[in-house]
Amino acid sequence: MHAWAVQTFNSVAFAGLLFLLASGFTLIFGLMKIPNMAHGACFMLGAYVGYSVIQAGLPFFVAVAAAGVALALLGAIVERVVLRRMEANEFAQVLATVGIGFIIADASLWIWGGDALQIPEPAWLRGPVRMGDLVVPKYRIALIVCAAVAALALWLLVDKTRLGAMIRAGVDNPNIARAMGIRVSTLSTFVFCLGSALVGMGGVLGAPIISIYPGLDFDMLPLAFIVVILGGIGSLAGAFVGSIVIGFIYTFGQAWVADLAYVILFLPMALVLIVRPQGLFGRPAA
Amino acid sequence: MKHVVIGTALLALVPILLGSNFYINLGTQILIAAIFASSYNMIAGWGGLISFGHAAFFGAAGYGAALLVLKGGFGHLAAALLGILFATALAGVIGALALRATGIGFLMITLALGQILWGLSYRWVSVTGGDNGLTGLTRPKLLGLSIDGAGAYYYLTLAVAVVAFLSIRQFAGSSLGASLRGSRDQPRRMSALGFDVWLIRWITFVYAGFWAGVAGLLFLYYHRFVSPHSLSIAESAEVLLMVILGGAGTLSGPIVGAAIIVLVRNLVSAYVEHWPMLLGALFLLVIMFVPEGLVPGLATRLRALRPSGRKPTIPAPPSA
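Top to bottom, those sequences are chains E and D. Under this note's numbering, the first residue of the first sequence carries the number 1, and numbering increases by one thereafter. Under this note's numbering, the first residue of the second sequence carries the number 1001, and numbering increases by one thereafter.
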């Protein structure tokens, strides 16, 4: 019973991390119609930036913010300088993000070297905490709280604000949104920055749990894919539910069949593709 | 046919002219990459379906054959044939799943399925050797001839490459190839005309998987070694870059692209360690400046220089 409870808790913590990764991915995908293939690299770069900021002696949550700002800037440059040049050519944009992903990954290897790096959790979140019978690390609770805050903030932004209404309009039908006077291209830049910032912060927040190493980028990218295919493209609720499902499968898979955990991850995705290709929360293509 | 004969004759002279094993091996690598890229071109160029999991078949043939020889005690010939069969069958399954979608959806599904296989090869250490891969393979005698030397292996690869090139050219010129291009450009019209667009794509996908398997097998015996890298996403991205660099949907484009990428990787990485960065930069440059690829790009520019030149016919025939 106890082992189950611990695994359940760890699943929720990992789901929180997955949500930080996948929510930006799904927003970008929904609005710009492209999977950002550099998203995994952005996660890794965010973690590395956070590492350097912490090395410079600054507090953990400053590092999280710094990674967010740095990645938002990078996102703005990528969207404005590269992707904008090939608007309306989705394949070119996807391939461009592949190229950018490789460049980011190799630059990171150059700057931070090939050894796995560890970000320690902040001192006040170190150690375990008792919750009834359960003893769990404080840091993972903090991670779950961060992800929950991000989910709430994104939901408020997308569902309750004027800006969110414009984003939803852009996702549903960019042409009509344009005709109504919404600057979809400005929205794209904003969403790309937001998604990059989220994943950059996710990288720092995740680093105390999963160390930072070259190759982390392509370990994380397929996870974002699976979550988003499962939940439905462009849907925040889908990313939320998908993260939880995948968080549980991954954590329990690791515990029971460590060798094949990675493969088992893809089963729900395959199932969804066969039964409901638009994803759990997606709408069928028009 | 004349071009093919001249090209083959020139390529056959390469080992004699260059002499050094380094360059002969480079030539072998280019030929293997050219078969691989040509197979990918069938699905990406003529089919218009960008897959991010094509390396799966390349690696699957290698792993299949290596496992059969090293752990199953099979002979080389049987293992080789079964390895290719395995890759082809795998293409059948992955194609059936991935072709439920087209466009970006197809890209994502092939990437995810390719990652599963990569994950298997990387994490299932007890069978695949994990990151270390499978080593200890030797090159067998072929029809009583040794293929241990760099030159001999080059000629074997060249022979296979010529067969592959002719087969793929045959495919492109066939009515199946024409209906494939039709289903790329006008899928709904093709359906309305009674063509089974899905089946056309699936057959192409499986056939492309077969030739990727052949290339993977040559690669296995070239290195006498197979590792998870051979079915990694980087490998899939590289073959995609070869095809779009040379020119998707042309016969010679993938070969030109393969030659450039292999040369750049080998010659440049002797000086700089940062091949992925260069690969990424090449990706960006090609997409931004020569999106149609070098072969068609140069051809249009040459044609512009000679206004009297032959005008291209509208449904572009596969020309070398």
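Virtual Cβ for every residue (Gly too), placed ideally from N, Cα, C.
- By DSSP's assignment, Arg-80 (chain E) forms no beta bridge with any residue.
- The beta-carbon of Phe-1283 (chain D) is placed less than 9 Å from the nearest beta-carbon of chain E.
- Of D:Leu-1294, D:Leu-1251, D:Arg-1181 and D:Ala-1234, the smallest CA-CA separation from Ala-105 (chain E) is found for D:Ala-1234.
- Between Ala-1065 (chain D) and Leu-1220 (chain D), the gap from beta carbon to beta carbon is short of 9 Å.
- Per DSSP, reduced to three states, the secondary structure at Leu-157 (chain E) is helical.
- Checking the DSSP bridge columns, you'll see Pro-128 (chain E) partnered with E:Pro-137.
- Look at Ser-52 (chain E) here: in three-state DSSP terms it is helix.
- Leu-1107 (chain D) is positioned such that its CB atom lies closer than 9 Å to that of Ser-1051 (chain D).
- The C-beta distance from Ile-28 (chain E) to Val-191 (chain E) rounds to 6 Å, short enough to meet the 8 Å contact threshold.
- With a cutoff of 9 Å on beta-carbon distance, Gly-99 (chain E) and Asp-217 (chain E) are scored as not near each other.
- Its Cα nearest to that of Met-201 (chain E), the residue E:Ala-47 stands out among E:Ala-47, E:Ala-116 and E:Phe-248.
- Taking one beta carbon from each stretch, the stretch 1036 to 1044 of chain D and the stretch 1187 to 1200 of chain D have fewer than 3 pairs nearer than 8 Å; the two do not touch.
- Listed as beta-bridge partners of Lys-1141 (chain D) by DSSP are D:Ser-1146.
- Residue burial annotation: Ala-1056 (chain D) is buried, with at least 16 other C-beta atoms found within 10 angstroms of its C-beta.
- Between the stretch 7 to 15 of chain E and the stretch 128 to 142 of chain E there are three or more inter-stretch CB-CB distances shorter than 8 Å, so the stretches are counted as touching.
- Against chain D, a Cβ distance below 9 Å from Ile-249 (chain E) picks out nothing, because the smallest value is about 13 Å.
- According to the DSSP assignment, Thr-97 (chain E) belongs to the alpha helix (DSSP H) that extends over 90 to 112.
- Taking a Cβ-Cβ cut-off of 7 Å, the neighbours of Ala-107 (chain E) in chain D comprise Met-1277, given in sequence order.
- Taking a beta-carbon distance threshold of 9 Å, Gly-1151 (chain D) does not count as an interface residue toward chain E.
- Distance from the Cα of Gln-7 (chain E) is smallest, within the candidate group E:Gly-247, E:Ile-144 and E:Phe-281, for E:Gly-247.
- The way I'd put it, the stretch 1156 to 1168 of chain D does touch the stretch 1205 to 1215 of chain D; three or more beta-carbon pairs between them come closer than 8 Å.
- Nearest Cα to Pro-1291 (chain D) within the set E:Val-69, E:Pro-59, E:Glu-90 and E:Ala-41: E:Glu-90.
- Ala-1060 (chain D) and Gly-1083 (chain D) have their C-alpha atoms spaced approximately 7 Å apart.
- Apart from sequence neighbours up to five positions away, the residues of its chain that approach Ser-1191 (chain D) with a beta-carbon distance below 7 Å are Val-1197, ordered along the chain.
- Contact annotation, Leu-1142 (chain D) with Leu-1156 (chain D): C-beta distance approximately 7 Å; criterion of less than 8 Å satisfied.
- Contact check between the stretch 202 to 212 of chain E and the stretch 49 to 63 of chain E: three or more CB pairs, one atom from each, fall below 8 Å, which counts as touching.
- Contact annotation, Ala-1098 (chain D) with Val-1262 (chain D): C-beta distance approximately 27 Å; criterion of less than 8 Å not satisfied.
- Classified as buried, Trp-1118 (chain D) has 16 or more neighbouring CB atoms from the shown chains inside 10 Å of its CB.
- For Pro-1015 (chain D), the uninterrupted alpha helix (DSSP H) run begins and ends at 1002 to 1018, by DSSP.
- The C-beta of Lys-33 (chain E) comes closer than 9 Å to at least one C-beta of chain D.
- Note that the C-beta distance between Leu-73 (chain E) and Phe-43 (chain E) is not below 9 Å.
- Residue burial is scored here from C-beta neighbours: Asn-1021 (chain D) has fewer than 16 other C-beta atoms within 10 angstroms and is therefore classed as exposed.
- Residues of chain D whose Cβ lies closer than 8 Å to the Cβ of Gly-99 (chain E) are, in chain order, Leu-1279, Gly-1280, Ala-1281, Leu-1282, Phe-1283, Leu-1284 and Ile-1287.
- The C-beta distance from Leu-1245 (chain D) to Gly-1293 (chain D) rounds to 6 Å, short enough to meet the 8 Å contact threshold.
- Excluding five sequence positions before and after Trp-1046 (chain D), the CB atoms of its chain that fall closer than 7 Å to its own CB belong to Ala-1172, Gly-1177, Leu-1180, Arg-1181, Arg-1184 and Gly-1249, given in chain order.
- Approximately 4 Å separates the beta-carbon atoms of Ala-197 (chain E) and Gly-68 (chain E); this is inside 8 Å, confirming the contact.
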